[in-house]
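**Student:**
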Amino acid sequence: MKKHDQDFMKRQNRLTVFEIIKNQNPISRASIAKQTGMSATTVSRIVGELTEQGYILESEKVSEGLGRKSMLLEMVDASVLSIGVELDRHRMSIGLVDLQGNTVCSETYSRKDDESSDTTIERIAAVTGELLKRHSIERGRVAGIGVGLPGIVNNDEGIVVFSVQLGWKNVPLAKRLSELTGFKADVDNELKAKALSEHLKGAAIGSNRTALIGFGNGVGSALIIDGEIYRGAMNSAGEIGHSTVDPNGKLCECGKAGCLQTYINISSLLSEANHYRRIHSMEELFEARRAGERWAVYLIDRALMYMSITVNNVVCMYNPDSVILTGELIDKFPEIYEEVKSLCASRFVWEPLNGSFRFLRSELNEKGVIIGSGLMAQRRFFALE
Ligand SMILES: [Zn+2]
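Mapping to UniProt numbering: the sequence shown position 258 is 258, numbers consecutive.
1) Measure the alpha-carbon distance for D246 versus K169 and round it to whole angstroms.
2) Could you name the residues that DSSP lists as bridge partners for K169?
3) Would you say the beta carbon of H90 comes nearer than 7 angstroms to a heavy atom of ligand 1?
4) Using a strict less-than 5 angstroms threshold between each residue's beta carbon and the heavy atoms of ligand 1, what residues do you get?
5) G144 and A291 - do their beta-carbons sit closer together than 8 angstroms?
6) Starting from T108, trace the beta strand (DSSP E) both ways and give me its first and last residue.
7) Could you check which residue in F18, H90, I266, D5 has the C-alpha nearest to that of F382?
8) Taking G129 as part of the alpha helix (DSSP H), name the residues at either end of that continuous run.
9) Can you tell me whether I225 is buried or exposed, with buried defined as 16 or more other CB within 10 angstroms of its CB?
10) Under a three-way DSSP split, which group does M376 fall into?
11) Report the residue from V104, P26, I264 whose alpha carbon sits nearest the alpha carbon of I240.
12) Just the Cα atoms here: how many angstroms apart are I56 and S362?
13) Less than 8 angstroms between the CB atoms is what I'm expecting for E74 and N23, so what's the real figure, rounded?
14) Label D98 either buried or exposed according to how many other C-beta atoms from any shown protein chain fall within 10 Å of its C-beta, with 16 as the threshold for buried.
15) Pull up the DSSP beta-bridge partners for C254, would you.
16) First and last residue of the beta strand (DSSP E) that includes K61?
17) Counting only runs that start and end within the segment 296-338, where is the alpha helix (DSSP H) found for 4 or more residues in a row?
18) Could you pull the DSSP bridge partners for M75 from this structure?
19) D186 lies in the beta strand (DSSP E); which residues open and close that run?
20) Express the C-alpha separation of S308 and F348 in angstroms, rounding to a whole number.
21) If T326 sits next to G214, beta carbons under 8 angstroms apart, how far is it from one beta carbon to the other, in whole angstroms?
22) Going by alpha carbons, who is nearest to Q100 out of K201, K112, L196?
23) Might you give, ordered along the chain, the residues of its own chain that have their beta carbon closer than 6 angstroms to the beta carbon of S268, omitting 5 neighbours on each side?
24) Name the residue from S197, S243, A237, G158 whose alpha carbon lies nearest to the alpha carbon of N102.
25) List the endpoints of the continuous alpha helix (DSSP H) containing E283.
26) Which residues bound the alpha helix (DSSP H) around M9?
27) Tell me, please, which residues DSSP counts as bridged to R209.
Structure follows, in structure tokens:
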């Protein structure tokens with residue numbers, strides 16, 4: 001075996017052992033060897049390294065059952081932290097994420113519509129420094145920074161290819177952020193980060209085929225197959241908001257006519273509502289619907305129908321075992337989730353697949369992207385170290 005391949009194998013083995021201890025702790029060395037097929041010597045060597053570096057410890061607990069008693073290994077949850085960031089048009093949130101995907105702390109700041117990428121990146125670096133200082137966290141314990149944002153992201157190179165919401169094009173976010181903070185940085189699409197966190201820590205634990213659909217300022221989806229994010233050729237798999245519903249429909253912000261999201265997303269609904277009367281927010285629009293104003297009933301019912309159609313299309317295309325609904329519209333208006341769920345069951349999901357998947361609501365809500373991005377940074381750290 002070539003030296004390069006040997007190194008790769010070693011890193012893979014280390015990551016595998018680490019992931020098993022993380023997910024199943026407390027656990028014995030023998031059980032790790034059995035699950036991975038590695039020799040007892042290899043497992044002991046890796047465990048020795050991880051213990052020395054302070055990531056795991058021998059716990060007081062011993063294995064139960066027949067046979068020889070053995071000491072169990074446990075994770076030191078706060079031994080490594082990562083920084084998770086969520087960027088959106090009007091806000092940025094930053095938090096510290098531990099090995100189990102808990103947020104140690106998180107903060108949200110407002111962001112101006114037209115804030116330049118340089119300014120935003122400098123602010124992320126400044127807040128990161130402050131958070132570490134305030135919580136007295138040594139830099140050596142930080143695995144890296146992960147950032148999730150809406151748009152098309154080249155996750156291999158950490159470049160924001162295109163984000164309508166942020167108004168960014170070809171921004172080398174990971175490189176700039178690394179230069180400013182000294183930490184390795186990862187960048188990904190927000191829904192992919194969110195799907196990962198819901199899969200590992202939230203609503204879809206135990207699911208092997210998870211589809212996450214976001215309804216908010218845009219419409220998008222993300223798919224997890226056997227624990228891995230499905231990315232497509234340029235990491236834009238799941239951009240369902242720009243699938244065509246009506247070629248003669250309304251113009252979308254992307255320049256095409258009749259995209260799915262023009263019937264669902266917040267800005268489209270508000271701009272259509274304003275044809276009728278002055279409406280400033282989705283809250284007002286819902287208020288008008290509850291009051292029985294016909295135009296508002298029509299607009300929201302139509303949006304609910306298209307949301308249900310979105311679920312059906314995703315289900316027909318991917319046959320997931322779990323579908324998670326998330327996004328600002330779902331988080332703020334609980335009735336949307338309930339109504340879409342019942343519309344799907346009674347009218348819109350293709351009958352043979354009705355009941356074939358768990359219909360779920362995001363559990364991590366506004367923390368999902370922070371946690372998912374933080375966990376992505378940790379994955380890279382332990383695979384490469
Ligand atoms: Zn479009």
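Ideal placement from N, C-alpha and C gives every residue a C-beta, glycine not left out.
**Tutor:** According to the structure data:
1) What you label residue 246 is simply residue 246 of the sequence shown in a count that begins at 1. What you label residue 169 is simply residue 169 of the sequence shown in a count that begins at 1. Each residue's Cα considered, the two are about 28 angstroms apart.
2) Numbered from its first residue, the sequence shown carries residue 169 at position 169. Note: K169 sits in a beta bridge opposite F162.
3) Translated into positions along the sequence shown, residue 90 becomes position 90. No, the Cβ of H90 stays beyond 7 angstroms of every heavy atom of ligand 1.
4) H242, C252, C254, K256, C259
5) On the sequence shown, residue 291 is found 291 positions in, with the first residue counted as 1. On the sequence shown, residue 144 is found 144 positions in, with the first residue counted as 1. No, they are not a contact pair.
6) Counted from its first residue, the sequence shown places residue 108 at position 108. First-last of the beta strand (DSSP E) with T108: 103-110.
7) Numbered from its first residue, the sequence shown carries residue 382 at position 382. Taking only the C-alpha atoms, the option nearest F382 is F18.
8) Taking the sequence shown and counting its residues from 1, one reaches residue 129 at position 129. Per DSSP, G129 belongs to the alpha helix (DSSP H) from 117-134.
9) Position 225 of the sequence shown, counted from the first residue, corresponds to residue 225. I225 is exposed by the Cβ-count criterion.
10) If you number the sequence shown from 1, residue 376 lands on position 376. Of the three classes helix, strand and coil, the one that applies to M376 here is helix, per DSSP.
11) Mapped onto the sequence shown, residue 240 falls at position 240. Closest by alpha carbon: I264.
12) Stepping through the sequence shown from its first residue, residue 56 is reached at position 56. Stepping through the sequence shown from its first residue, residue 362 is reached at position 362. Roughly 31 angstroms separates the two Cα atoms.
13) Start at 1 with the first residue of the sequence shown, and residue 74 comes out as number 74. Start at 1 with the first residue of the sequence shown, and residue 23 comes out as number 23. Their Cβ separation, rounded to whole angstroms, is 12 angstroms, which puts E74 and N23 out of contact at 8 angstroms.
14) For the purposes of this step, residue 98 is taken as residue 98 along the sequence shown, with counting starting at 1. Buried, by the Cβ-count rule.
15) As a working mapping, residue 254 is identified with position 254 in the sequence shown. Looking at the DSSP assignment, C254 forms no beta bridge with any residue, so it has no partner.
16) For this step, residue 61 is matched to residue 61 along the sequence shown. Run containing K61: 56-62, per the beta strand (DSSP E) assignment.
17) 328-332
18) Within the sequence shown, the letter at position 75 stands for residue 75. Its beta-bridge partners are I56.
19) Within the sequence shown, the letter at position 186 stands for residue 186. D186 -> beta strand (DSSP E) spans 185-189.
20) Reading the sequence shown from its first residue, position 348 is the one you call residue 348. Reading the sequence shown from its first residue, position 308 is the one you call residue 308. Cα to Cα, F348 sits roughly 6 angstroms from S308.
21) Taking the first residue of the sequence shown as position 1, residue 326 is located at position 326. Taking the first residue of the sequence shown as position 1, residue 214 is located at position 214. Indeed, because the Cβ distance is near 5 angstroms, the residues count as touching under 8 angstroms.
22) In the sequence shown, residue 100 corresponds to position 100, counting from 1. Considering only alpha carbons, the answer is K201.
23) By one-based count along the sequence shown, residue 268 stands at place 268. Contacts found: T262.
24) Indexing the sequence shown from 1 puts residue 102 at position 102. Considering only alpha carbons, the answer is S197.
25) On the sequence shown, position 283 is the one that residue 283 refers to. Per DSSP, E283 belongs to the alpha helix (DSSP H) from 282-290.
26) Your numbering for residue 9 matches position 9 in the sequence shown. Taken as a continuous stretch (DSSP letters only), the alpha helix (DSSP H) holding M9 covers 3-24.
27) As a working note, residue 209 is residue 209 in the sequence shown. The partner list for R209 (beta bridge, DSSP) reads I225.
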